[in-house]
Amino acid sequence: MIKIGNIELPEFPLLLAPMEDVSDPPYRRLCKLHGADLMYSEFISSEGLIRDAMKSRKKLDIFDYERPVGIQIFGGDEEAMAMSARIVETVNPDLVDINFGCPVKKVVCKGAGAGVLKDVDMMVRLTKAVVSSTSLPVTVKTRLGWDSNSINIDEVAERLQETGIKALTIHARTRGQMYKGEADWEHISRIKQNPNIEIPIFGNGDIDSPEKALEYKNKYACDGIMIGRAAIGYPWIFNEIKHFFKTGENLAAPTISDRLLAVRQHAEWSAEWKGEKLGLIEMRQHYSNYFRGIPHFKDFRRKFLEVYTLEEMDAVINETQEFYAEYQAQQV
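In structure tokens form, the structure reads like this:
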């Protein structure tokens, strides 16, 4: 069993990564349904929380059915990070996570996210500010370093542990790599072998199949895996990995009916959370992901993009279901 403070997780938990415009409550609910053990909010600006920015505050919404769940914050100012941690505490998440890994320029330019990797002392001060301002367990997600010439994850892991964080997730790329190239998990393995490291270490980067998840679990000996891009439009990956761990066999791929059910659930929960019209408009970014690799979906995608009500959604889903039932019958 893995523990983060007083949070008990299964042996070798699978985590859903915090992803902007993806990891909102409706999608977290779907991933929880399909086996995710721990999830995080989209990352939230500490400055936005303090200014009472509506978008930042909305990201604080969490629900009991998704627990354990963490709220992730980012920022480059100690006082703002401390204040935002106190604001986060009022909505009673299970933990607070600090983002020291986002490589996006608009975040890095503010001295936040992966930008802090160039100043470990600042990273330590920011982390201490959060740890000292909340009674919740604090965790951190970061990268190997700023670039291949400044990999400093060994120092970062030890020094952040000293601040009192309860777990560390390492995306095994540098900021310079962004999301390109291959993630180098040898660094994660080295951190796990460090006798001074006592907190759970979770690995992140390139896990896109049950086979790779098992290979990396055995080869690098981390305490769990965080899955990001591979879960976008494919929440089934969590249970697929768990099944493969137990049996060595692959679950059957989701059928068209499975995919349509996931879209319907996602849309319904999005409509409940954001309002029907806005919820369905914001669903538009997800359809291609749910049907990636499915032949002849282009025409149906256009129809999904024109949906504004759940009633219209159901009509398109039924039409899509009928088409693929007939299509599959013709393939036999």
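Residue numbers (full-length UniProt numbering): 1 to 332. Note that CB positions come from ideal geometry on N, CA and C, so glycine has one too.
### Query
The beta strand (DSSP E) with A167 in it runs from where to where?
Per DSSP, A167 is one residue of the beta strand (DSSP E) stretching across 167-171.
### Message
Measuring straight from C-alpha to C-alpha, what distance separates R51 and T142?
### Response
Those two C-alpha atoms are separated by around 26 angstroms.
### Query
Near M226, what residues of its chain come up, given a Cβ to Cβ distance below 6 angstroms and the 5 sequence neighbours on each side ignored?
Closer than 6 angstroms at Cβ, skipping near neighbours: L15, A17, T169, F202, N204.
### alpha helix (DSSP H) segment containing D314, residue limits
For D314, the enclosing alpha helix (DSSP H) stretches over residues 310-331.
### Query
Where does I197 fall in DSSP's three states?
Coil at I197, not helix or strand.
### Query
Out of E268, F297, G293, which has the shortest C-alpha to C-alpha gap to M283?
The closest CA to that of M283, considering only E268, F297, G293, is found on E268.
### Query
At which residue ranges does the stretch 194-236 contain complete beta strand (DSSP E) runs of 3 or more residues, listed in the order of the chain?
List check, beta strand (DSSP E) in window: 201-204, 224-227.
### Task
For K300, I'd like the list of residues in its chain whose CB is within less than 6 angstroms of its CB, leaving aside the five on either flank, ordered along the chain.
Before going on, a small fix: residue 300 reads as Phe here, not Lys. For F300, same chain residues with a beta-carbon under 6 angstroms away, outside a window of 5 residues either side, are T320 in chain order.
### Beta bridge counterpart(s) of K141 as assigned by DSSP
Under DSSP, K141 shares a beta bridge with N99, T169.
### Query
To which residues of the same chain is I73 closer than 8 angstroms at the C-beta, ignoring the five residues directly before and after it?
In its chain, beyond the 5 residues on either side, F43, I44, S45, S46, L49, M81, S84, A85, V88, V96, D97, I98, N99, V130 have a beta carbon closer than 8 angstroms to the beta carbon of I73.
### Query
Do the CB positions of V120 and A114 come within less than 8 angstroms of each other?
In this structure, A114 does not lie closer than 8 angstroms to V120 by Cβ.
### Query
Sorted by chain position, which residues of the same chain lie with C-beta nearer than 8 angstroms to K212's C-beta, five sequence neighbours on each side aside?
Take K212, set aside five residues on each side of it, and the residues of its chain with a beta-carbon closer than 8 angstroms to its own are D206, in chain order.
### Spatial distance of G75 from Y324 (CA atoms)
Their Cα atoms are separated by approximately 47 angstroms.
### the stretch 272-289 in contact with the stretch 221-237 per 3-pair CB rule at 8 angstroms
These segments touch.
### Task
Kindly indicate the opening and closing residues of the alpha helix (DSSP H) around K105.
In the DSSP assignment, K105 falls within the alpha helix (DSSP H) that extends over 105-108.
### Message
My output table needs one value for E162: the three-state DSSP class, helix, strand or coil.
### Response
Residue state, collapsed to three classes: helix.
### Query
Of all the options D147, E158, P103, which has the alpha carbon lying nearest to the alpha carbon of T127?
Comparing Cα positions, the closest option is E158.
### Query
If you check the beta carbons only, do D94 and R57 fall under 8 angstroms apart?
Not closer than 8 angstroms, so no.
### Query
For the stretch 39-69, which segments carrying the alpha helix (DSSP H) assignment without a break, of at least 4 residues, lie completely within its bounds, in sequence order?
Counting only runs of 4 or more, we get 46-50, 54-58.
### Task
With DSSP as the reference, label Q265 as helix, strand or coil.
If DSSP states are grouped into helix, strand and coil, Q265 belongs with the helices.
### Task
May I ask you to report which of helix, strand or coil DSSP gives F74?
It is a strand residue.
### Query
So what does DSSP say about E272, is it helix, strand or coil?
Per DSSP, reduced to three states, the secondary structure at E272 is helical.
### Task
Give the DSSP-derived three-state secondary structure of I191 in the structure shown.
Here I191 sits in helix by DSSP.
#### Entry: Interface flag, R284 vs chain D, CB-CB below 8 angstroms
Structure shown: chain D not included; a single protein chain is present.
### Query
By Cβ distance, which residues of its chain are closer than 6 angstroms to F297, with the 5 residues on each side in sequence left out?
Here the set comprises F291.
### Query
Hey, D223 and P200 are a contact pair by Cβ (cut 8 angstroms); roughly how many whole angstroms apart?
With a Cβ gap of about 4 angstroms, D223 and P200 count as contacting.
### Message
Distance check for A221 and S189, CA to CA, integer angstroms please.
### Response
Each residue's Cα considered, the two are about 6 angstroms apart.
### Query
Looking at the unbroken beta strand (DSSP E) that takes in K3, where does it start and where does it end?
Counting along the chain, K3 sits inside the beta strand (DSSP E) bounded by residues 2-4.
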